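Structure, as structure tokens:
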Amino acid sequence: MTPRYDEPSFGEPPHEPAHEHESLSPQMVALYAWAGERPWLGGTVTTLSGLAIAVLPNKGFTVVVLPGVAGLSGFVLGGLIIACGMFMLFSPQLHGILGIATVLLSLVSFVTTNIGGYVIGLLLGIVGGSLGFAWRPPDPD
Amino acid sequence: MRVTAGHRRPTGRQLRHHNRGRVVWHRFTVVFVPAMLALTLLAIGAYVGVVPVALAIEGKQGVKATAKKFSFDGTATFPGFFQTQDGEKRTVVPVTLRNLRVQGVCVSTKVPTPFGDYVLRITSPTVGSVIRVGDATFGIDDIDRLDFGGDTVNVNYGERTADGTPTDSGIRGYVPMEVSNIVLGLDLNIRYVTANQLHLDGLTMAGSTGQHECY
């Protein structure tokens, strides 16, 4: 029989919130550890930015594909920014160059893609790229 | 703390103390601040017409447009196709206006909302500021009405032979026309508009439920 009991521990503040003591599931621990090794916030915001630039100018309209720079560049720039976000998440060692690339692509989208996905995607891209650049990897043990 | 014999799961507090990557905020500002400055400059440049931007407007929204004065080099291509989201293929005639110069433009669109009709209205001054577009393409679905009036319309009137017969003049492949004080009334269904090298100068935009449309 496995004994289970609650014990107060020394050294912890006396008024800790209850959730601080609750143990996490193995999946949450793995996700937390995975996120700690990569710029998850910058990567996520960057990916959202790419989606906004690719989808927002086309959402709700009847025409799928348009000729011209503005019709095509949304998909191209949005796809490139989504790729930057994905690389931030899965190749975190490239976070610096990916962050700068995201910011530059977002600024380019202002000129070529319906004012950067109606400004929303542009601003998300600048924030996401800056977060990706500013991320510092964990210190090697 | 919950403790199980032989196995102890980490808590949120323990995980936070674990060696993790983090955002260094002074490095964030090193990129973020210059990027926002560049964006501000681009926005100012687009507003005053120095920075060209590209727009693609598409859909079935009713748009009313008038212009006091405009000039362009026009080309029409063979009918093209576009595909709608429900898979339907439709035919349009893409008409491209090159080196478009417009003064005194007014563009308005009305969107019905639960709070009343919301009108977005874009205008530019009739004198001084000129909107320049390097390449504007209109995908014309159909033409309902065309009114045309003017003082003079002379076609191929530029040069004559010795006996007075009009002769070809100007650039080969173009029809030389001389028109003045024309009034055009067009009622078109345009499926999409794309504009490249768009220099917006003095454009003002206003949107509210109390706005009037252009006509």
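Chains as they are written, first to last, in the numbering used here: chain X, 1 to 141; chain C, 1 to 215. Think of the CB as a built atom: it goes at the ideal place given N, C-alpha and C, for glycine as much as any other residue. It should be emphasised that the depicted structure is a prediction, and the values quoted were computed from it without experimental measurement.
Three-way DSSP call (helix, strand, coil) for residue i in this model
{"i": "C/Ala-43", "result": "helix"}
{"i": "X/Gln-27", "result": "helix"}
{"i": "C/His-212", "result": "coil"}
{"i": "X/Arg-38", "result": "coil"}
{"i": "C/Thr-165", "result": "coil"}
{"i": "X/Thr-44", "result": "helix"}
{"i": "X/Gly-128", "result": "helix"}
{"i": "X/Thr-102", "result": "helix"}
{"i": "C/Arg-160", "result": "strand"}
{"i": "C/Asp-144", "result": "strand"}
{"i": "C/Leu-200", "result": "coil"}
{"i": "C/Thr-126", "result": "coil"}
{"i": "C/Thr-4", "result": "Per-residue confidence for C/Thr-4 stands at a pLDDT of 42, beneath the threshold of 50, marking its modelled position as unreliable; the derived number appears in the next sentence. Three-state DSSP puts C/Thr-4 in a strand."}
{"i": "X/Ile-97", "result": "helix"}
Burial state of residue i (16 or more Cβ within 10 Å)
{"i": "C/Ala-162", "result": "exposed"}
{"i": "X/Tyr-118", "result": "exposed"}
{"i": "X/Ile-81", "result": "buried"}
{"i": "X/Ser-106", "result": "buried"}
{"i": "X/Trp-40", "result": "buried"}
{"i": "C/Ser-108", "result": "buried"}
{"i": "C/Tyr-215", "result": "exposed"}
{"i": "C/Thr-137", "result": "buried"}
{"i": "X/Thr-113", "result": "buried"}
{"i": "X/His-95", "result": "buried"}
{"i": "X/Ile-126", "result": "buried"}
{"i": "C/His-212", "result": "exposed"}
{"i": "C/Arg-191", "result": "buried"}
{"i": "X/Pro-140", "result": "exposed"}
Those residues which DSSP pairs with residue i across a bridge
{"i": "C/Pro-94", "result": "C/Gly-139"}
{"i": "C/Val-102", "result": "C/Phe-70, C/Ile-131"}
{"i": "X/Asn-114", "result": "None, per the DSSP bridge assignment."}
{"i": "C/Arg-22", "result": "X/Arg-136"}
{"i": "X/Ile-81", "result": "Beta-bridge pairing links X/Ile-81 to no other residue."}
{"i": "C/Ala-65", "result": "C/Val-107"}
{"i": "C/Met-205", "result": "C/Ile-122"}
{"i": "C/Leu-184", "result": "C/Phe-148"}
{"i": "X/Gly-50", "result": "Answer is none; X/Gly-50 lacks a bridge partner."}
{"i": "C/Gly-80", "result": "C/Val-92"}
Cβ pair residue i, residue j closer than 9 Å
{"i": "C/Gly-104", "j": "C/Lys-64", "result": "no"}
{"i": "C/Tyr-143", "j": "C/Leu-188", "result": "Correcting the residue type first, residue 143 of chain C is Ile in the shown sequence and not Tyr. Yes. Within cutoff."}
{"i": "C/Val-133", "j": "C/Val-102", "result": "yes"}
{"i": "X/Thr-46", "j": "X/Cys-84", "result": "yes"}
{"i": "X/Leu-98", "j": "X/Gly-78", "result": "no"}
{"i": "X/Ala-134", "j": "C/Val-31", "result": "yes"}
{"i": "C/Val-97", "j": "C/Asp-135", "result": "The question names Val, but residue 97 of chain C is Leu in the sequence shown. Yes, these two residues count as a Cβ contact at 9 Å."}
{"i": "X/Pro-138", "j": "X/Gln-93", "result": "no"}
{"i": "X/Ser-49", "j": "X/Leu-122", "result": "yes"}
{"i": "X/Ala-54", "j": "X/Phe-75", "result": "yes"}
Closer than 8 Å: residue i CB and nearest the ligand GDP heavy atom
{"i": "C/Val-30", "result": "By its list of ligands, the structure shown contains no ligand whatsoever, and the ligand GDP lies outside what it can speak to."}
In the region 96-111 of chain X, which residues sit with their C-beta less than 8 Å from some C-beta in chain C, listed in chain order? Gly-99, Ile-100, Val-103, Ser-106, Leu-107, Phe-110, Val-111
In chain order, what residues of the region 125-137 of chain X put their CB closer than 8 Å to some CB of chain C? Ile-126, Val-127, Gly-129, Ser-130, Leu-131, Phe-133, Ala-134, Trp-135, Arg-136, Pro-137
Residues of the region 127-154 of chain C with Cβ closer than 9 Å to any Cβ of chain X, in chain order: Asp-135, Thr-137, Gly-139
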